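In the numbering used here, the protein residues as written are 4 to 185. A virtual CB, placed ideally from N, CA and C, is assigned to each residue, including glycine. Source: prediction; values computed, not measured. A short worksheet on the structure shown next.
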């Protein structure tokens, strides 16, 4: 891989940030507002957007907490951001199991903070925006290692997708320049 490609990949995620629990609106967002908010939060790194029907399906399957009076709170949105990140590498039953493990080991604020820190850490490392993989959190546990493994799968898939997308763009640009030169 040439240095230009490496630099472009690193730059594409340098400012990526997942909203922390305290940054998520807790005033109650309606379904369309939730999908818009989550999509704005996750698509900066190449994750696939979610739809209103996906959210409704996650609620029906009891993967995320449902709305109260048709409005979703910060807790539901945090779980939805997690599901949106993991859904490309894990089946819904497996995601439900991961959330069940979280319920047994860490409260939501602790688990969600770790998820955000770890995902940002891994994506910056895998994409080359950081030279070292930092240790996140103060304790080591099997549950944290499980989450790191899942997030590492996600980040490697995102990296592959981003690399191939840039490769296609470069090929299209080169072809267009060749055609214009003729």
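**Asked** Which value, in whole angstroms, describes the spacing of the CA atoms of residue 185 and residue 178?
**Response** 11 Å
**Item:** For residue 180, the three-state DSSP class (helix, strand or coil)
**Value:** helix
**Same chain, Cβ closer than 6 Å to residue 22, five either side skipped, listed in chain order** = 44
**Asked** Which class does residue 109 belong to by DSSP, given the choice of helix, strand or coil?
**Response** coil
**Message:** In whole angstroms, give me the CA-to-CA distance for residue 161 and residue 60.
**Reply:** 24 Å
**Asked** What distance in whole Å lies between the Cβ atoms of residue 76 and residue 25, which are believed to be in contact at a cut-off of 8 Å?
**Response** With 8 Å as the limit, residue 25 and residue 76 do not qualify as a contact, their Cβ atoms being about 13 Å apart.
**Asked** So residue 26 is in the alpha helix (DSSP H); what residue range does that whole segment cover?
**Response** Element bounds for residue 26: n/a, residue is neither H nor E.
**Prompt:** Secondary structure at residue 74, three-state DSSP: helix, strand or coil?
**Reply:** DSSP, read as helix, strand or coil, puts residue 74 in strand.
**Asked** Residues in its own chain within less than 7 Å of residue 119 by CB, not counting five upstream and five downstream?
**Response** Sequence-distant Cβ neighbours of residue 119 in its own chain, meaning closer than 7 Å and more than five residues away, are 21 and 23.
**Asked** Is it buried or exposed for residue 131, if we count other Cβ within 10 angstroms and need 16 for buried?
**Response** buried
**Nearest candidate by alpha-carbon position, reference residue 50, set 147, 85, 102 and 73** = Nearest C-alpha to residue 50: 85.
**Boundaries (first-last residue) of the alpha helix (DSSP H) holding residue 191** = Beyond the ends of the chain as shown, which are 4 and 185, falls residue 191; an answer cannot be given.
**Reduced DSSP secondary structure (H/G/I, E/B, other) of residue 136** = coil
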